[in-house]
Amino acid sequence: MRKLLFFGLTTLSITAMGQSIEEAKQLLYYDRYQSAEQVLQQVIQQKDDEKQAYYWLTEVYLENDDIEKAKSLLEPNAESLAAAHPLNRVAYGSLLLNQDKLTEARAQFDAALKESKRKDEAVIKAVAKAQVENEKGDAAYALQVLNEIKEKKIDAEVLSIKGDAYRKLGQGSESAKAYMEALIKNDKYAEAAFKLGKIYLTQQNTEMFLKYFNQAIEADPKYAAAYYELYYYYYFRDVNKAKEYLDLYVANTDKTVEHQYMTTDLMFASSKYPEAISGANAILQQEGEKTKPRLYKLLAYSYDASGDSTKALEYLQTYFNKEVDSNLVAKDYDLQAKLLTKTGNDSLALQSWERAIAMDTVTEYKLEYMQQLANWYKEKENRSGEARWLGKIFETKEDPNNLDIYNWGLAHYAAAEYNAADSVFGLYTAKYPDQVYGFYWRAKSRAQIDTTMEQGLAVQDYLKVIEIAEKDVEKNKSLLLQAYGYLGAYEANVKKDYPAALGWFEKILAVQPDNADAERFAGILKKWISDGGPK
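The structure is reproduced here in structure tokens:
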């Protein structure tokens with residue numbers, strides 16, 4: 023939104039009609055565009071030769087991005103209006119600038135300056151503001167024009183416009199300096215304090231931007247823009263304080279439906295979902311097809327928080343149908359997925375989560391959606407699907423930890439995907455060679471691949487399990503019993519090394535003396551050793 027600066031334009035003696043224009047300027051300064059438009063239309067209707075009103079009314083329309091209204095106001099009588107007052111040339115130049123007709127706009131600005139003999143401060147300010155406030159405007163030209171104002175005529179408004187020009191040129195320190203000089207000129211000039219706050223806001227310097235937004239309010243309690251910034255800041259931090267600033271913002275601006283949107287948003291942020299739903303429905307009834315799509319989104323989230331998944335899904339779908347694709351965000355598809363699972367549309371839910379993952383650019387959120395997918399597959403006892411998404415989590419994380427690898431490998435094992443589990447636990451052992459569980463689960467995976475033990479695939483891993491686990495026998499008793507038992511069976515059945523096999527079963531009995539199976543196998547092995555083998 024363009025910002026207009028109009029203090030310092032009054033004269034010592036003004037007519038009743040002039041007072042109306044001054045009133046409109048003040049209303050513009052406070053962003054009260056509806057009220058300013060009403061005043062200016064009255065001026066034009068009551069006294070058609072009050073030609074300056076056309077300039078200010080054009081500013082109202084351009085401020086609201088209503089190019090068509092500005093064209094309808096100026097174009098039918100552009101030349102006669104321009105001849106009536108240089109400010110009207112500036113108005114027409116501003117309109118041309120908004121239509122990207124840069125050369126034609128510059129010609130109008132130059133003509134306005136020439137007609138006013140480059141001495142009318144109001145015309146100079148208007149030209150400079152037009153260049154600064156329009157995206158295609160020339161900030162360097164604005165500074166050049168402003169420098170033609172004599173030193174004694176430089177007021178807080180001129181310095182503030184200079185600050186805008188420097189900011190547009192990317193010269194932040196010069197911009198801040200100009201705004202500070204404006205405050206020195208007039209410490210009640212709220213706009214300069216506000217714009218200083220905006221600079222510090224872009225720098226995320228909370229202490230300083232809060233200081234200057236509050237200074238703007240202290241300088242002029244009617245300055246609504248500062249209330250809005252404070253409302254927005256506290257919206258995410260303290261909803262009660264945000265409500266205070268929203269009430270002050272509403273009290274000092276023209277009543278619009280946007281106030282209803284803001285109040286409804288705050289009800290949602292305050293977790294007052296019934297109130298948010300009520301406020302949204304009131305706007306829907308009032309606005310009909312003009313309702314902003316984001317209201318349907320608010321209703322979807324509010325109904326979801328209230329436990330009504332059916333209505334939430336209905337409003338979310340309406341939001342998707344009405345909103346432009348560029349405004350859709352991954353979180354909305356995440357909500358859609360959750361709602362679809364609650365209503366039994368699992369296949370569509372999976373598509374929504376995958377879309378959320380593809381869309382989101384924040385790794386943290388991508389990982390959250392991936393984990394939800396992995397959890398969903400686990401709940402459905404589809405461990406293969408779980409393993410696939412846990413693998414994607416591992417690939418996506420900048421620094422995956424041991425638990426990421428462990429859970430991934432375990433899901434493959436539970437899915438009977440033993441080769442995949444073997445590979446994953448191989449990653450674990452490589453990254454955490456001092457931890458027992460990577461070797462243990464790789465041993466178990468290889469044992470499932472080599473079910474006859476003929477290849478001895480699990481032997482080395484079980485030996486590693488024993489090497490690590492024996493450092494704390496009590497803690498790792500279960501792992502040791504399995505490793506001893508496997509190696510005992512391998513030595514007896516594959517290698518036919520009965521003394522070696524007996525040694526492993528005796529280790530079991532040393533850890534667990536009442537293990538009947540180990541005692542029985544040990545007895546058999548002793549007999550075989552005595553008899554020279556099984557008979």
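For the sequence shown, position 535 matches number 557 in our numbering, and the numbering has no gaps at all.
All C-beta atoms in this analysis are idealised placements derived from N, C-alpha and C, irrespective of residue type, glycine included.
These numbers come from a predicted model, not from an experiment.
Within its chain, find whatever has a CB closer than 6 angstroms to the CB of residue i; leave out the 5 residues flanking it on each side and keep chain order.
i: Gln237; result: Ala215
i: Gly554; result: none
i: Ala212; result: Ala238, Ala241, Asp242, Tyr245
i: Ser42; result: Val61, Val65
i: Glu126; result: Leu118
i: Glu45; result: Val61
i: Ala540; result: Phe527, Ile530, Leu531
i: Thr363; result: Ala371
i: Phe231; result: Gly219, Tyr222, Leu223
i: Ser35; result: Residue placement at Ser35 is flagged as unreliable, the pLDDT there being 29, under the threshold of 50; a coordinate-derived value is accordingly withheld.
Starting from residue i, trace the alpha helix (DSSP H) in both directions and tell me its first and last residue.
i: Leu479; result: Counting along the chain, Leu479 falls outside any alpha helix (DSSP H), and DSSP gives it neither H nor E.
i: Asp356; result: 352–364
i: Ile239; result: 228–241
i: Gln67; result: 55–68
i: Ile183; result: 178–190
i: Ala433; result: 424–436
i: Pro521; result: 520–533
i: Pro296; result: 295–309
i: Arg111; result: 108–120
i: Arg410; result: 405–418
i: Ser558; result: Missing from the structure shown is residue 558; the chain here goes from 23 to 557 and no further.
i: Tyr255; result: 246–257
i: Ile89; result: 89–96
i: Ala129; result: 124–137
i: Arg316; result: 315–327
i: Gly460; result: 458–471
i: Lys388; result: 385–401
i: Arg140; result: Counting along the chain, Arg140 falls outside any alpha helix (DSSP H), and DSSP gives it neither H nor E.
i: Glu280; result: 279–291
i: Gln74; result: 74–85
How many whole angstroms separate the CB atoms of residue i and residue j, which I take to be in contact at a CB cut-off of 8 angstroms?
i: Ala480; j: Ala469; result: 4 angstroms
i: Tyr249; j: Asn274; result: 7 angstroms
i: Ala378; j: Tyr355; result: 4 angstroms
i: Gln56; j: Asp276; result: 4 angstroms
i: Tyr256; j: Tyr271; result: Actually they do not touch by this definition, with Cβ atoms about 12 angstroms apart.
i: Leu449; j: Ile471; result: Incorrect: roughly 17 angstroms between the Cβ atoms, too far for contact.
i: Ala381; j: Ala352; result: One point to set straight first is that residue 381 is Met, not Ala, in the sequence displayed. That pair is a contact at about 4 angstroms.
i: Lys405; j: Ala442; result: Reading off the sequence, residue 405 comes out as Arg, not Lys. Not really, about 11 angstroms apart at Cβ, beyond 8 angstroms.
i: Lys151; j: Leu165; result: At roughly 12 angstroms, the Cβ-Cβ gap does not stay under 8 angstroms, so Lys151 and Leu165 are not in contact.
i: Tyr201; j: Lys175; result: Their Cβ separation, rounded to whole angstroms, is 19 angstroms, which puts Tyr201 and Lys175 out of contact at 8 angstroms.
i: Ala247; j: Asp53; result: 6 angstroms
i: Val458; j: Leu425; result: With a Cβ gap of about 15 angstroms, Val458 and Leu425 do not count as contacting.
Apart from the five residues on each side of it in sequence, which residues of its chain come closer than 8 angstroms, Cβ to Cβ, to residue i?
i: Ile305; result: Val279, Gln282, Tyr283, Thr286, Thr313, Leu317
i: Leu389; result: Ile415, Thr418, Lys419
i: Ala522; result: Glu513
i: Asp444; result: Arg464, Ser467, Arg468, Ile471
i: Gln130; result: Ala104, Arg111, Val112, Tyr114, Gly115, Leu118
Using C-beta distances below 7 angstroms, list every residue in its chain close to residue i, excluding the 5 sequence neighbours before and after it, in chain order.
i: Asp209; result: Ala241
i: Trp430; result: Ala409, Leu412, Gly413, Phe416, Val446
i: Glu297; result: Met289
i: Val384; result: none
i: Thr80; result: Ala92, Leu95, Leu96, Ala113, Ser116, Leu117
i: Lys265; result: Leu288
i: Asp142; result: Pro108
i: Ala291; result: Tyr257, Val261
Is residue i near residue j, with beta carbons less than 8 angstroms apart?
i: Val82; j: Val112; result: no
i: Ala148; j: Leu191; result: no
i: Thr365; j: Leu335; result: yes
i: Gly507; j: Ile530; result: yes
i: Leu181; j: Ala204; result: yes
i: Leu524; j: Lys549; result: no
i: Asn120; j: Leu96; result: no
i: Phe461; j: Lys486; result: yes
i: Leu361; j: Leu338; result: yes
i: Lys158; j: Asp122; result: yes
i: Tyr197; j: Arg189; result: Strictly speaking, residue 197 in this sequence is Ser, with Tyr absent from that position. Taking 8 angstroms as the Cβ cut-off, Ser197 and Arg189 qualify as a contacting pair.
i: Lys499; j: Val533; result: yes
i: Tyr484; j: Ala505; result: yes
Is the CB of residue i under 8 angstroms away from at least one CB in chain B?
i: Gln193; result: Of the protein chains in the structure, only one exists, and it is not chain B.
### Query
Is the stretch 128–138 close to the stretch 102–112, with three or more CB pairs under 8 angstroms?
Yes, the stretch 128–138 touches the stretch 102–112.
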